[in-house]
Each structure stands twice: as C-alpha cells, then as structure tokens.
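Everything on this sheet refers to the single structure shown next.
There are 2 protein chains.
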Amino acid sequence: MTPIVTSAVLHFGEMGSRWGFNRTVGQMLALIVLNDEPLAAQEIADALNISRGNTSMGLKELQSWRLIKQQHVPGERKEFFVPAGSIWVLANRVFEERRKREIDPTLTLLRDLMLDDPAHENDAQVQHKLNEIHDLLESVTAWSQELQHLGPEKLNTLMKLGSGVGRILDLKDRVLPTKGESQS
Amino acid sequence: MTPIVTSAVLHFGEMGSRWGFNRTVGQMLALIVLNDEPLAAQEIADALNISRGNTSMGLKELQSWRLIKQQHVPGERKEFFVPAGSIWVLANRVFEERRKREIDPTLTLLRDLMLDDPAHENDAQVQHKLNEIHDLLESVTAWSQELQHLGPEKLNTLMKLGSGVGRILDLKDRVLPTKGESQS
DNA sequence: ATAAACTTTCAGAAACTTCTGAAACTTTAT
DNA sequence: ATAAAGTTTCAGAAGTTTCTGAAAGTTTAT
C-alpha cells in the first residue's frame, strides 16, 4: 500500500464505527474500493495485518451490506473481491442499510403505539407527539427513496441547483397551482 | 410513566446507540421530549432508574447536541430541562451533529490526500477515486444544509411532492434551459 | 461563616464488542 | 480415496464503552 492508500484506509477504519460497521470492516472496504485489482481474502488480511478469521467475518458483513461482491477469476482457486458498484451505488447502499437499521424499527414501534388505547389523560397528548415524530421519519424515508430512484445524474442536477431549490418550489406553485396546498 | 411512555422510552434507548448516543442518553431524550412539564435531574434519574451521576453526564451530552435546554423555574432551586425546540428542530440538530462527526472529518482528510504528490504511478488513479468520494460527500453536505435552510413548511411541500421531483426537474430544464447542463 | 440543596467528576466495576488463532469444514485436483 | 488449497466458525483474550456511587465542588440562604 502506498502512503496515500494507507492514510485513507486507516481513516476509513476510524470512521467505520461511526458509519455503522467496525474498524476492520471499514479498512477492508477502503482497501477494496481503492484497489483496481480484485483482492483475495489472504491479501486483505496481509495488507491490513489482521487475522484471517476476522477477515472472513468482515467480508461476510460487507457482503451483507451489499458493498462488495465476489468475483471468480478463471484459473484461480480462491475467490476475489471487488466493490459492488460505483461510489454512488455504494453510498446509496450504506444509506439504505442504515435507514433499515436506524429508522424502520422506530417507525414500526411508533405505529403500534399510536394504535394503543390511551390509558391516562395525557397519553393522548403523548400520542400526538409520537405521531409528529412518525410523520417526520416517514417523510425522510420516502424522500431518501425518491432520491435514490432519481439516479446520480438527476441528483447531481438537483444538487448543483443548491439554493435554487426554493425558487423552483415557487415556480412549481405558479405552474401547477391546483395540485399542492396553497401555503405562503 | 404510563405504559405508552415506557415503551417509547425503552425503544429510544435501544435506538439511541444507532443514532449516535448511548442507551441512557436516548431514554433521557425521549422522556424529556414526551413530558410536557420541565423535568429535574433527580426526577429523570428516578423515572429511568439510573444513577444520579450518569444522569448528569447524559444531560451534559444532550446539551452538547443542543437537543435540550435548561429552564429555570422561579422559586425553585434546582434546574429543569425541556426540549430545545420542536420535533423538526431536534431532528435537524441530530442530523447536523452527525454530519459534523461522520462526514466533516473525512472531507478534511480527503482534501489533504488530494494535495499529496502521487508517490507511485497508480496513486494518481487512487486520487481520482478519492476525489469522487469527496465530491459526493460534499454534495450531500451542501444539500442537507440547503434543506435545513428551507425550513419545515417548504421542506414539507417538497416532500409531499415525492416522485414529482423528477417531473419538476424536467420542467426546470425546459423553463430555464441555459442554466443547467444539457443531459438526457 | 455555615449549612443545606443541589451538581459534577472520576476511579473502578460491569457489560459489551471486537479480534485472534486453532479446529472443523468444503471444494477441487489427482 | 487422499491430499492440498482454501474458507468458516467459535471460545475465549483483549479492548472499549457505559454505569455506579462516593467524594469534591458550587450555589444560595441565613
């Protein structure tokens, strides 16, 4: 590994835990993404100086996140690993996987609690707040799925638009006035 | 605590660790948000059955995330705590704080690495990939800040628009054709 | 100045997560 | 059938985080 690759790998290891996986899994991901050649498990273990067992678990986890895929190289006995897609695809997968882990269970619980009968007077009030949280999380979920379906090019257009989004919204209110609600 | 509040508090405790803070901090946040009355530290410790010391640390952390604020009740000696704002504000704070912890350090590192001289031939190649990651993260950052500045009402309009966003983008390409790039 | 009411800090205990390496397993070639 | 090449699993060691509770600190009232 060149010094640049080493720095990146170490950093992604440290950040890994903040992004939902552990240090070695983060390092492995960085290494696989930055290498042009497919990598074998043993090469990863050697490069990162971690045990072969840990490597195996890490590869399994990265596959469960659908961030890497196996690639069979003809004439070779062992399996090789490559990124599961472009940077854009990988970022999306991380997003989606985290949504599943961080938001979906809460949405389920909130829906259940909203169906419960209020046992005390201020429960109705509590349920109102839970409802508010639910709606917000649901909007975020719907919205992030929407962005994923847009694909990278359109998203890029949208992002380059930046603060123009507000203007576009106004535009839309004028062009399609019957559809949205009539606020501000 | 009524059964509904108890369920919500326990759940937010479990999710807490996925959202960037620990179990008790998650529970404390849920409790404070769902209570209409300001709560004192001792009341929180009693309700959640945790030590007074842990409560103190948790309150400090929630304040560092700017999710709760102290509120002095006249005639009372102790401090009381209330949410720092509406659900919308709180969600935004969590988002922003996580951006600071999860994305900003990586952006800094990537910028530094891109300035390094390529030491080996394929470093140029690696730097290209790092650049791609950098641009993606930067777009996400800029975009999320944009959404925050829109405020809840406009964001809501945008969210209700849902799959209409694609259509609006096309619309914009037709109405303001000189500005964006001319893709697909 | 003293005491009462309250908060913060911090050392170490408890709980949890991650990592290793050896043993068990699978696949392929001969 | 056997051996060689490779992978997976898992018990326990190492490391990390979280929590408690007692001691130190702060503020306010008298």
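One line per chain: the protein sequences are A and B, in this order.
The first sequence: position 168 = 168 (our numbering), numbered continuously.
The second sequence: position 179 = 363 (our numbering), numbered continuously.
Glycine included, every Cβ here is placed at the ideal spot set by N, Cα and C.
Since we're looking at a predicted model, the values are computed, not measured.
Across the set A:Pro105, A:Arg93, A:Met28, A:Thr108, the C-alpha of A:Met28 shows the shortest separation from the C-alpha of Val5 of chain A.
Contact annotation: the stretch 57-70 of chain A touches the stretch 17-33 of chain A, with at least three C-beta pairs closer than 8 angstroms. Straight-line measurement puts the Cα of Glu76 of chain A at about 43 angstroms from the Cα of Thr141 of chain A. Along the stretch 225-253 of chain B, none of the residues has a CB nearer than 9 angstroms to a CB of chain A.
Chain B places a beta carbon closer than 7 angstroms to that of Thr106 of chain A, counting this residue as a contact.
Distance from Thr290 of chain B to His11 of chain A at the Cβ level is roughly 7 angstroms; contact confirmed, criterion being Cβ atoms closer than 8 angstroms. Between Leu320 of chain B and Ile87 of chain A, the C-beta spacing is below 7 angstroms. Going by beta carbons, Met159 of chain A and Ser323 of chain B fall inside the 7 angstroms limit. Judged by DSSP in its simplified three-state form, Pro336 of chain B adopts helix.
By the rule that beta-carbons nearer than 7 angstroms mark a contact, Asp170 of chain A does not touch chain B. Secondary structure within the stretch 267-345 of chain B: not one fully enclosed beta strand (DSSP E) run of 3 or more consecutive residues is present.
The secondary-structure analysis by DSSP pairs Glu245 of chain B with nothing; it has no beta-bridge partner. In this structure, Thr108 of chain A lies away from His304 of chain B, with their beta-carbon atoms at least 7 angstroms apart. In the DSSP annotation of this structure, the continuous segment of the beta strand (DSSP E) that includes Ile252 of chain B starts and ends at 252-256.
For Leu109 of chain A, the closest Cβ of chain B is nearer than 7 angstroms. Here Gln255 of chain B is exposed: its Cβ has fewer than 16 other Cβ atoms, across all protein chains shown, within 10 Å. Taking a beta-carbon distance threshold of 7 angstroms, Leu299 of chain B does not count as an interface residue toward chain A.
Per DSSP, the continuous alpha helix (DSSP H) segment holding Asp230 of chain B begins and ends at 225-232. For Thr208 of chain B, the enclosing alpha helix (DSSP H) starts and ends at 207-218. Closer than 7 angstroms to the CB of Met185 of chain B there is not a single CB belonging to chain A. One Cα belongs to Glu280 of chain B, the other to Gly242 of chain B, and the distance between them is close to 19 angstroms. Contact between Arg283 of chain B and Arg101 of chain A does not hold, since the beta-carbon distance rounds to 18 angstroms and is not under 8 angstroms.
The three-state reading of DSSP puts Glu198 of chain B in helix, counting H, G and I together. Leaving aside the five residues that flank Glu79 of chain A on each side, the residues in its chain whose CB is nearer than 6 angstroms to its CB run, in chain order, Gln70. Pro336 of chain B is positioned such that its CB atom lies no closer than 7 angstroms to that of Val266 of chain B. Secondary-structure assignment with DSSP links Glu76 of chain A through no beta bridge to anything. Distances from the alpha-carbon of Leu48 of chain A to those of A:Asp104, A:Glu61, A:Gly26 put A:Gly26 closest. In this structure, Leu314 of chain B places its C-beta atom within 7 angstroms of the C-beta atom of Leu297 of chain B. Here the alpha carbon of Asp170 of chain A sits roughly 9 angstroms from the alpha carbon of Lys338 of chain B. Inclusion of Thr55 of chain A and Ala45 of chain A in the CB contact set at 7 angstroms is warranted, their separation being smaller than that value.
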